[in-house]
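Keeping their order, the protein sequence lines are chains A and B. Going by the numbering used here, the first sequence opens with residue 1, and the numbers climb by one from there. Going by the numbering used here, the second sequence opens with residue 1001, and the numbers climb by one from there.
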Amino acid sequence: KAGVTQTPRYLIKTRGQQVTLSCSPISGHRSVSWYQQTPGQGLQFLFEYFSETQRNKGNFPGRFSGRQFSNSRSEMNVSTLELGDSALYLCASSLDSGSGVSSYNEQFFGPGTRLTVL
Amino acid sequence: TQLLEQSPQFLSIQEGENLTVYCNSSSVFSSLQWYRQEPGEGPVLLVTVVTGGEVKKLKRLTFQFGDARKDSSLHITAAQTGDTGLYLCAGAGSSNTGKLIFGQGTTLQVKP
């Protein structure tokens, strides 16, 4: 079974621009979460989508947004980029059937998109 | 706000030594995961613990979940150079949520 894929792997942007990152979850996984990883703050939760709806949201400004499509693929968008947005953005998928049976929150991560803002 | 304190942040040891990494919180978690991450890659799930007092073993790695489900530890016996990497603990406040709270990570270097 193919793992989580993220595109692009590397991205260089300048301040003020916007960027869209893409994530394809493991087949059958309906939950997709996004995280930001920086040396200073570690891994921080951005948001989670399940069945095309945002189910959880972290403490990030409104410049960070996302969406999920009917095939569970997800995108996240960052508008008006700032230098501090330079980070590794990780997508993770989880098997959540929505039936109430716990998936024990096991998340499977993609390789990440390295975003550099100049 | 749920926080996970992970210690130590850095560990440099010789091959063959034992080590323990700790993950502590004042909050209760429904489950706790340990991941290992290598440079340029995403974290890879090592184990999930869900029951207070649970102990799981993965070859030379032993994971323990505290009785109160607020803390966890990872013990590596006879470390090998291949164990080098960033170890992360992550807790979930409730089941069936994609929101994980991560510790700051422990960078482990195992020297030959």
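For each residue, glycine too, the CB sits at the ideal point set by N, CA and C. Model, not experiment: these values are computed from the prediction.
- prompt: What does a CB cutoff of less than 7 Å around Tyr-1087 of chain B pick up in its chain, not counting 5 residues either side in sequence?
  reply: Val-1021, Trp-1034, Arg-1036, Leu-1074, Gly-1105, Thr-1106, Leu-1108
message: Going by the DSSP bridge assignment, what does Leu-1061 of chain B pair with across the sheet?
response: B:Leu-1058, B:Ile-1076
- request: Whole angstroms is fine: what's the gap from Val-117 of chain A's alpha carbon to Ile-12 of chain A's?
  value: 6 Å
message: To be precise: take each residue of the region 1075 to 1108 of chain B, compare its Cβ to all Cβ atoms of chain A, and keep it if any distance is under 8 Å. Which residues remain?
response: Leu-1088, Ala-1090, Ala-1092, Ser-1095, Asn-1096, Thr-1097, Gly-1098, Lys-1099, Leu-1100, Ile-1101, Phe-1102, Gly-1103, Gln-1104, Gly-1105
Limits of the unbroken beta strand (DSSP E) element including Gly-66 of chain A: 64 to 68
- prompt: Looking at the unbroken beta strand (DSSP E) that takes in Leu-90 of chain A, where does it start and where does it end?
  reply: 87 to 94
field: Inter-residue spacing [alpha-carbon to alpha-carbon] between Leu-1032 of chain B and Glu-82 of chain A
entry: 33 Å
- request: Could you tell me which residues DSSP puts in a beta bridge with Thr-1107 of chain B?
  value: B:Phe-1010, B:Leu-1086
Cβ shell of Ser-1007 of chain B (< 6 Å), same chain only, five flanking positions each side left out: Tyr-1022
message: Let me see if you follow: with CB-CB separation under 8 Å, is Thr-1051 of chain B close to chain A or not?
response: no
- request: Under 6 Å Cβ to Cβ from Gln-1014 of chain B, same chain only, skipping five residues before and after it: list those, please.
  value: Lys-1111
query: Is it the case that the Cβ atoms of Thr-5 of chain A and Gly-110 of chain A are separated by a distance below 8 Å?
result: yes
message: I need the straight-line Cα distance from Cys-23 of chain A to Cys-91 of chain A, nearest angstrom please.
response: 6 Å
- request: Please list the partners that Leu-71 of chain A has in chain B, where partner means a Cβ-to-Cβ separation under 9 Å.
  value: The sequence given here places Asn at residue 71 of chain A; Leu does not occur at that position. Per Cβ cutoff of 9 Å: no residues; Asn-71 of chain A is ~17 Å from chain B at best.
message: By alpha-carbon positions, which one of B:Leu-1045, B:Gly-1093, B:Leu-1100 ends up nearest to Leu-1058 of chain B?
response: B:Leu-1045
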